[in-house]
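Reading the sequence shown from the start, the letters are residues 660 to 858 in the numbering used here.
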Amino acid sequence: YSQLILNLGVLPRVEFNLRYTEIDDIPTDLGSDFGDYKDKAFDVKLQLLKESRRFPAVAVGLQDFHGTRLFPAQYLAINRQIYPLDFTLGIGRERLKGPAELPFWDEVGLFGGIEWAINDRLSAALEYSPVEYEKDSPIIRTTSHGVASPWNFGLRFKATPGFSLGLSYQRGETLALSGHLTFCMGKPILPKRPDPPSW
């Protein structure tokens with residue numbers, strides 16, 4: 660998968676996520692000029708409870724709930740930061756269900772991760788991903804035998820304020836690179852420079 664993701668936090672506790680995914684080596688019936696299969700998805704996340712001294716943060720979310728629904732999921736996640744560690748644990752349905760089921764509720768499964776802030780610019784992460792790719796829709800299925808490992812490892816480096824680079828090893832078989840740009844809407848990304856003096 661190659662993905663372009665736009666995440667908008669336009670309200671204090673609501674995030675909207677637009678994802679554009681291209682799946683290599685899966686053709687479409689739109690002709691060879693169209694290239695590999697492409698999909699657009701829309702996600703939304705609502706923070707129910709902000710993290711406080713006594714309670715963790717709690718959020719619910721819907722992934723790809725409209726349109727083709729090739730990557731659908733629903734989840735409830737809790738997050739707690741004990742600096743320099745940041746813990747996340749969640750339960751999910753559909754694509755986030757996976758094999759780690761709860762004993763009293765077989766419609767949901769577990770996922771989670773931990774992030775370690777090594778210093779102000781570098782962090783490391785470990786994640787358990789329950790996605791069973793062999794159960795994806797045949798339109799987007801990239802494997803018929805599953806993945807080598809549900810564990811993902813990654814490093815993130817904050818190159819400049821608002822821009823970070825990521826390197827990860829995913830599913831026990833894939834090396835991935837990422838770039839992440841964060842900025843406030845209505846504010847310039849680069850600092851303004853004065854106009855050159857007039858002639």
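We treat Cβ as the ideally placed atom computed from N, Cα and C, and that holds for glycine.
If one requires a minimum length of 3 residues, the beta strand (DSSP E) runs lying completely within the segment 799–827 are 810–819, in chain order. Distance between Trp764 and Ile750, taken at the CA atoms: about 10 angstroms.
DSSP places Gly668 in the uninterrupted beta strand (DSSP E) bounded by Ser661 to Leu670. In the DSSP assignment, Lys699 falls within the unbroken beta strand (DSSP E) covering Asp695 to Leu708.
Taking C-alpha positions only, Phe701 is separated from Gly821 by approximately 23 angstroms.
Contact between Glu753 and Ala732 holds: CB atoms are separated by about 5 angstroms, below the 8 angstroms threshold.
The C-beta of Gly768 has 16 or more other C-beta atoms within 10 Å across all chains shown, which makes the residue buried. With contacts defined by Cβ atoms closer than 8 angstroms, Glu786 and Ala807 do not form a contacting pair. Bridge partners of Asp745 according to DSSP: Gln740 and Glu774. At the C-beta level, Pro715 and Ile737 come within 8 angstroms of one another. As far as DSSP is concerned, Val767 takes part in no beta bridge.
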